[in-house]
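Visitor:
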Amino acid sequence: MQEMRETEGTAGRIETLHGSELPNENASMTAVVEHQPVYSHILFHPMHNSYAEPYVFVMFPSEPELSFQFNDGQYESAAQLHSRAQQICAVLYPGDGTQEGKLLRLKQQFFLCSASLQDIIFRFKERKPDRVSGKWSEFPSKVAVQMNDTHPTLVIPELMRILMDEEGLGWDEAWDVTNKAVAYTNHTVLPEAFEKWSQAVMRKLLPRQMEIIEEIDKRFRELVISTRKDIEGKLDSMSVLDNSPQKPVVRMANLCVVAAHTVNGVAELHSNILKEELFADYLSIWICDASGHTCSLTCIITDTIWDLLRDVEVADVYMLCQ
């Protein structure tokens, strides 16, 4: 079964059909989400006892604004608005070799993250309306947000923003929900390849999310200083924010590790490198404070595994070839 739902925006703010608002660059956008269940998901996430729902998005200016501009004779403005919106989802991971490319990629990442979260939260509320009142502690038991590499990292500050600014949760409660709902799959052991974003660009495009990231960084630093004096000297490399005067950036991988309840690699060897080398200091913090953070081995989810489970004849042929 496929299901579609729209999320609309108004100039300067993105206002969903369900009442939430998001900052936007003076453009009215509509996100259309299509749900395509992956029925094999229960095999790999039994604790959630549910299938995954990958989302496919289409983005375009909302019809009222386009119609108004065309009817008012503003053909060029309407065409530019339509083109600017289409660019966001025209190509996945647009080249970021230029400043324009960087901005477009950040817009795309935020759009996909925000639209996903808005839809997830709407469905969470819809299935049991009484959850809306004081039952956000149930959210992590119903929702698992897997950040596959660092491209979806903005779900962390965006989920915090929604929970605090729209749902009225305090920081501690919102952080607890976010931490228990998100997990991170790392895809590289080369620190120089980790995704980073200019703090100035982030602050200009996503000011509220940047405020939340700054608070996450501040609290993480305070945690290390108060509990782990032995690794305090490593804070400059472990922190979410790199505040070097030359090029202050947000380290997306560090944000994932600090915020996620579980971190994994894409193979046993990879996960061991993460635990023993790359993220060893983080792991020691979570073990010491019993916060629930872990660094686990991955579940390798492939089409081959699914094919073997659903087709006995294919499985027999596959085993003979090994």
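Using the working numbering, the letters of the sequence shown map in sequence onto residues 1 to 322. Glycine is no exception: its CB is placed at the ideal position from the N, C-alpha and C atoms.
(1) Which residues in the same chain as E232 place their Cβ atom closer than 7 angstroms to its Cβ, once the five residues preceding and following it in sequence are excluded?
(2) Distance, Cα to Cα, S239 vs L283?
(3) Who are D119's beta bridge partners in DSSP?
(4) Determine the direct distance from the alpha carbon of R203 to that of A260, and round the result to whole angstroms.
(5) Pull the bridge partners of K196 from the DSSP assignment, please.
(6) Given 8 angstroms as the limit, is there contact between the region 154-173 and the region 200-214, that is, 3 or more CB pairs closer than that?
(7) Tell me the DSSP bridge mates of N148?
(8) Can you list, in chain order, the residues of its chain with a C-beta nearer than 8 angstroms to that of A183? Leave out the 5 residues immediately preceding and following it.
(9) Since E222 and L241 are thought to touch, with beta carbons under 8 angstroms apart, how far apart are those beta carbons, to the nearest angstrom?
(10) Assign A90 to buried or exposed, taking buried as 16 or more other Cβ atoms, counted over all protein chains shown, within 10 Å of its Cβ.
(11) Do Q199 and V155 have their C-beta atoms within less than 8 angstroms of each other?
(12) Excluding the 5 residues preceding and the 5 following I376 in the sequence, name in chain order all residues of the same chain whose CB lies nearer than 6 angstroms to its CB.
(13) Nearest-angstrom Cα distance between S244 and A280?
(14) Measure the beta-carbon distance from L103 to V201 and round it to whole angstroms, keeping in mind my assumption that it falls under 8 angstroms.
Guide: Quick answer:
(1) Taking the sequence shown and counting its residues from 1, the one referred to as residue 232 is at position 232. Once the five neighbours on either side are set aside, the close Cβ partners of E232 are V224, I225.
(2) Start at 1 with the first residue of the sequence shown, and residue 239 comes out as number 239. Start at 1 with the first residue of the sequence shown, and residue 283 comes out as number 283. Distance between the alpha carbons of S239 and L283: 14 angstroms.
(3) Walking along the sequence shown from the start, residue 119 turns up at place 119. Paired residue(s): none; D119 is not in a bridge.
(4) What you label residue 260 is simply residue 260 of the sequence shown in a count that begins at 1. What you label residue 203 is simply residue 203 of the sequence shown in a count that begins at 1. Going from the Cα of A260 to the Cα of R203 covers about 23 angstroms.
(5) Your numbering for residue 196 matches position 196 in the sequence shown. For K196, which the question treats as bridged, DSSP gives the partners R251.
(6) Segments in contact, yes.
(7) Numbered from its first residue, the sequence shown carries residue 148 at position 148. According to DSSP, which records beta bridges pairwise, N148 is partnered with T185.
(8) Here residue 183 refers to the residue found at position 183 when the sequence shown is read from its first residue. Sequence-distant partners of A183 (beyond 5 residues in either direction) whose C-beta falls short of 8 angstroms from its own C-beta, in its chain, are A144, V145, Q146, M147, A260, H261, T262, V263, N264.
(9) Mapped onto the sequence shown, residue 222 falls at position 222. Mapped onto the sequence shown, residue 241 falls at position 241. At roughly 13 angstroms, the Cβ-Cβ gap does not stay under 8 angstroms, so E222 and L241 are not in contact.
(10) What you label residue 90 is simply residue 90 of the sequence shown in a count that begins at 1. Classification of A90: exposed, given that the 10 Å Cβ count is below 16.
(11) The count along the sequence shown starts at 1 and reaches residue 199 at position 199. The count along the sequence shown starts at 1 and reaches residue 155 at position 155. Going by C-beta atoms, Q199 is not nearer than 8 angstroms to V155.
(12) A query on residue 376 cannot be resolved here, the shown segment of the chain reaching from 1 to 322 and no further.
(13) For the purposes of this step, residue 244 is taken as residue 244 along the sequence shown, with counting starting at 1. For the purposes of this step, residue 280 is taken as residue 280 along the sequence shown, with counting starting at 1. Straight-line Cα distance between these residues: approximately 24 angstroms.
(14) The residue labelled residue 103 in the question sits at position 103 within the sequence shown. The residue labelled residue 201 in the question sits at position 201 within the sequence shown. About 7 angstroms separates the CB atoms of L103 and V201; that is less than 8 angstroms, so the two are in contact.
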